[in-house]
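Numbering (the numbering used here), first residue to last: 15 to 286.
Given below as structure tokens:
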């Protein structure tokens with residue numbers, strides 16, 4: 015039996031989405047051969063991905079969505095993408111956190127990966143506007159192997175976005191009253207011209223409050239974010255103290271970033 019036949023549905027859909035984006039489209043027949051599953055299984059997966067806004071169904075297959083500046087995919091649609099790169103970034107980024115420090119994490123799937131690594135750092139006070147990030151620590155605290163050294167978690171209030179981040183005046187007020195040693199911040203897009211950007215106007219404002227409250231800003235973003243631009247910019251590249259990315263970032267982009275960001279960390283790929 016092929017390994018692909020044993021994939022979980024989320025893993026299988028991530029492979030479908032990668033294939034559609036990489037090739038600019040894929041037919042159902044091609045996906046059934048690639049995954050070695052039934053035609054019906056592929057069609058169900060395409061239905062789910064289309065409902066999430068991750069791709070567009072067409073006759074006989076699917077094509078990438080035409081992403082406008084305001085297009086904001088949901089957390090589930092993004093969580094299966096570039097998982098190895100995000101895990102590598104998370105390992106490198108979490109090493110920057112000192113035991114006993116106050117750490118903030120914004121919403122996003124890369125900061126979610128960072129949160130899981132931070133479970134190993136004792137005595138942290140964690141402030142986040144991400145429901146998913148907060149769940150990482152709450153689940154660990156309730157489990158048989160709690161997070162190291164008594165982590166305190168503060169979840170801001172606010173209005174929930176498709177990325178499961180809480181934004182708006184309530185979140186902004188909570189963040190503005192606090193101070194952080196370190197902020198791990200994700201971004202929808204990174205470019206020299208637009209800096210760090212997001213398709214969500216309210217999230218952009220909440221991110222600005224995070225940045226103003228942090229002593230050190232660490233941007234965590236995989237190579238696919240390079241060259242993307244969302245509706246609203248919330249910081250220039252020069253405002254970042256550190257940018258952690260993965261080895262898939264082109265050499266030309268590394269050179270540009272190295273000239274603008276004080277510290278560029280290209281996370282080494284994990285074994286296997």
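In this text, a Cβ means the ideal position worked out from N, Cα and C, and glycines have one as well.
Which class does residue i belong to by DSSP, given the choice of helix, strand or coil?
i           : result
residue 78  : strand
residue 148 : helix
residue 3   : No information on residue 3 is available, as it lies outside the stretch 15 to 286 that the chain covers here.
residue 286 : Legend: pLDDT at residue 286 = 49, less than 50; position of this residue unreliable, no value from coordinates given.
residue 174 : strand
residue 263 : coil
residue 179 : strand
residue 111 : coil
residue 16  : Here residue 16 scores only 44 on pLDDT, less than 50, and its place in the model should not be relied on; the value that follows carries that caveat. Correct three-state label for residue 16: coil.
When you compare each of the options to residue i by their alpha carbons, which one comes out closest?
i           : options               : result
residue 230 : 244, 242 and 194      : 194
residue 121 : 144, 196, 74 and 269  : 144
residue 271 : 44, 251, 261 and 281  : 251
residue 103 : 126, 219 and 247      : 126
residue 23  : 74, 39, 42 and 49     : 49
residue 26  : 37, 38 and 52         : 52
residue 184 : 178, 169, 197 and 248 : 169
residue 200 : 207, 164 and 147      : 147
residue 174 : 142, 192 and 196      : 142
residue 115 : 96, 164, 70 and 75    : 164
residue 101 : 236, 253, 179 and 278 : 236
residue 151 : 129, 136 and 137      : 129
residue 62  : 282, 105, 263 and 28  : 28
residue 113 : 187, 196 and 98       : 196
residue 256 : 192, 107, 131 and 242 : 107
residue 254 : 260, 217 and 209      : 209
residue 45  : 37, 36, 38 and 56     : 56
residue 228 : 117, 69 and 109       : 117
residue 258 : 239, 178, 58 and 247  : 239
residue 69  : 47, 205, 277 and 39   : 39
residue 246 : 67, 284, 202 and 263  : 202
residue 111 : 76, 136 and 36        : 136
Which residue or residues does DSSP assign as beta-bridge partners of residue i?
i           : result
residue 118 : 141 and 197
residue 209 : 205
residue 257 : 233 and 278
residue 40  : 76
residue 228 : 194
Hey, could you find the ends of the beta strand (DSSP E) residue i is sitting in?
i           : result
residue 32  : Where residue 32 is concerned, there is no enclosing beta strand (DSSP E), although the alpha helix (DSSP H) it sits in stretches over 23–37.
residue 277 : 277–281
residue 166 : 166–169
Count the other C-beta atoms from every protein chain shown that fall within 10 angstroms of the C-beta of residue i, then say buried if there are 16 or more, exposed otherwise.
i           : result
residue 213 : buried
residue 172 : buried
residue 273 : exposed
residue 176 : buried
residue 15  : Model confidence at residue 15 stands at a pLDDT of 36, short of 50, so the residue's coordinates are unreliable and nothing is read from them.
residue 223 : buried
residue 244 : buried
residue 72  : exposed
residue 216 : buried
residue 156 : exposed
residue 266 : exposed
residue 277 : exposed
residue 43  : exposed
residue 187 : exposed
residue 17  : Residue confidence for residue 17 is low, a pLDDT of 44 falling below 50, so the modelled location carries little weight; the figure read from the coordinates is stated next. With fewer than 16 Cβ atoms within 10 Å of its Cβ, residue 17 is classed as exposed.
residue 191 : exposed
residue 154 : buried
Against chain B, does residue i count as a neighbour if the rule is that its beta carbon must be under 7 Å from one of theirs?
i           : result
residue 153 : Annotation note: the requested chain B is absent from the structure, which comprises a single protein chain.
Tell me which residue opens and which closes the alpha helix (DSSP H) that residue i is part of.
i           : result
residue 1   : A question about residue 1 goes unanswered here, because the residues of the chain that appear run from 15 up to 286.
residue 135 : Careful: residue 135 lies outside any alpha helix (DSSP H) and carries neither H nor E.
residue 55  : 53–65
Quick check: does the Cβ of residue i come within less than 6 Å of any heavy atom belonging to the ligand ATP?
i           : result
residue 105 : Looking for the ligand ATP in the displayed structure turns up nothing, as the structure carries no ligands at all.
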